[in-house]
Amino acid sequence: MIDRLNPNQKGALLMLGSMAFFTFNDTLVKLVGATVPLWQIVTIRGIMASLLLLVLARAMGALRFDFGRRDWALVLARCATEMAVTYFFLSALLQMPLANITAVLQMLPLTVTLCAALFLGETVGWRRSLAIALGFVGMLLIVRPGGADFGPATIYALIAVALLTVRDLVTRQMSPAVPSLTVTFLSAFAVLLFGLGLGLGESWQPVGGREWLWLCGTAVLILLAYLCAVMTIRVGDVSAVAPLRYTGLVWALLLGWVVFGEFPSGLTLLGAGLVVAAGLFTLLRERQVAENT
Numbered sequence: 001m002i003d004r005l006n007p008n009q010k011g012a013l014l015m016l017g018s019m020a021f022f023t024f025n026d027t028l029v030k031l032v033g034a035t036v037p038l039w040q041i042v043t044i045r046g047i048m049a050s051l052l053l054l055v056l057a058r059a060m061g062a063l064r065f066d067f068g069r070r071d072w073a074l075v076l077a078r079c080a081t082e083m084a085v086t087y088f089f090l091s092a093l094l095q096m097p098l099a100n101i102t103a104v105l106q107m108l109p110l111t112v113t114l115c116a117a118l119f120l121g122e123t124v125g126w127r128r129s130l131a132i133a134l135g136f137v138g139m140l141l142i143v144r145p146g147g148a149d150f151g152p153a154t155i156y157a158l159i160a161v162a163l164l165t166v167r168d169l170v171t172r173q174m175s176p177a178v179p180s181l182t183v184t185f186l187s188a189f190a191v192l193l194f195g196l197g198l199g200l201g202e203s204w205q206p207v208g209g210r211e212w213l214w215l216c217g218t219a220v221l222i223l224l225a226y227l228c229a230v231m232t233i234r235v236g237d238v239s240a241v242a243p244l245r246y247t248g249l250v251w252a253l254l255l256g257w258v259v260f261g262e263f264p265s266g267l268t269l270l271g272a273g274l275v276v277a278a279g280l281f282t283l284l285r286e287r288q289v290a291e292n293t
């Protein structure tokens, strides 16, 4: 049955899978974080993810380190950014409602487009500029600066978006000679080292059997999520399947409600709707521009 699907249909299924895996991973991390310190979560998941990625990359012949000095500098910059993203994102995730932080992260395509125009010289017309502005209005409705729920966790989430933007822009500058799995493995290993660094001077807290099961689940889910994301780019037309990345917000709403009893306010839903609408318009407009050039 899968063989009968065209490349874009396969890409769509992979994108749907990637978003589901990412959101289920976040849910398990949030559950584990209720009893396990952040540095232990990062360290344990980092060990498991690094080992799984190492085995997979070697099996696929995608573990190579013979790329140039410029690419090495970019890979190391990406690893450093990934470490910072891990700290700020997980710190926010453990304190914010799942749907809220997921909605904030939906700003990423807009911030990447904006920064690509500002720093990489890419052309962005007035329509996409207006959509980006609309997306930022939506983000303000979600985080509501000065509101009762605006605190360090919200600031951490915004910092995570900024760092993810830098990470994606750095990744776009790498040459095609750098294998995606090698970059993912090095990033996971860097995060593992970062977790060990966070734990310096800390005492190891006992981890229960249920928490170990959840942590194993996070390692497998994050690996599947990254694999699906990479395969999506290689199988389908990115502009055709990219809008499906917003299904992650649907999963976050559902899991936040079922698992944690959370449901966002009307303003948060309105803001999330504006962000998603702006992101979808930007993606569709980018495809139109690409087809006309």
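In terms of the UniProt record's numbering, the numbers along the sequence shown are unbroken and rise by one, the last being 293.
For each residue, glycine too, the CB sits at the ideal point set by N, CA and C.
- Straight-line measurement puts the Cα of V166 at about 26 Å from the Cα of I44.
- Secondary structure note for P152: its alpha helix (DSSP H) is the uninterrupted segment P152 to R172.
- Between the alpha carbons of L280 and G138 lies a distance of about 14 Å.
- The residue from V183, E202 and P109 with its alpha-carbon nearest to that of L54 is V183.
- Non-local C-beta neighbours of S187 in its own chain, meaning closer than 8 Å and more than five positions away in sequence, comprise R78, C79 and E82, ordered along the chain.
- Distance from the CA atom of L31 to the CA atom of V258, rounded to whole angstroms, is 13 Å.
- Within the same chain, L14, G17 and S18 come within 6 Å of C228 by CB-CB distance, once the 5 residues on both sides are set aside.
- Comparing alpha-carbon positions, the option among F65, T113, L94 and L223 lying closest to G33 turns out to be L94.
- Remark: C-beta atoms of Y156 and A92 approach each other more closely than 7 Å.
- The C-alpha of L221 lies about 6 Å from the C-alpha of N25.
- In the DSSP annotation of this structure, the continuous segment of the alpha helix (DSSP H) that includes V137 starts and ends at W126 to V143.
- Taking each of A278, L163 and T268 in turn and checking the Cα distance to I142, the smallest one comes out for T268.
- Counted as a single uninterrupted DSSP element, the stretch harbouring M96 is not any alpha helix (DSSP H), since DSSP gives it neither H nor E.
- N100 is the residue among L192, N100 and I132 whose C-alpha sits nearest the C-alpha of F150.
- In the three-state DSSP reduction, W204 falls in the coil class, being neither helix nor strand.
- Secondary structure of P243 (DSSP, three-state): helix.
- For the pair R64 and P176, the CB atoms are not nearer than the 7 Å cut-off.
- Annotated three-state conformation of G68 is coil, per DSSP.
- Counting along the chain, no alpha helix (DSSP H) covers P176, and no H or E run does either.
- The DSSP-derived three-state label of P37 is coil.
- Within the same chain, Cβ atoms closer than 6 Å to the Cβ of L114 are found at I132, the five residues on either side in sequence being excluded.
- Here DSSP, grouped into helix, strand and coil, assigns T123 to coil.
- Here A20 is not near F89, since their CB atoms are 7 Å or more apart.
- Less than 7 Å divides the Cβ of A219 from the Cβ of A49.
- A12 sits in a helix when the DSSP states are folded into three classes.
- Contact annotation, L134 with L274: C-beta distance approximately 6 Å; criterion of less than 8 Å satisfied.
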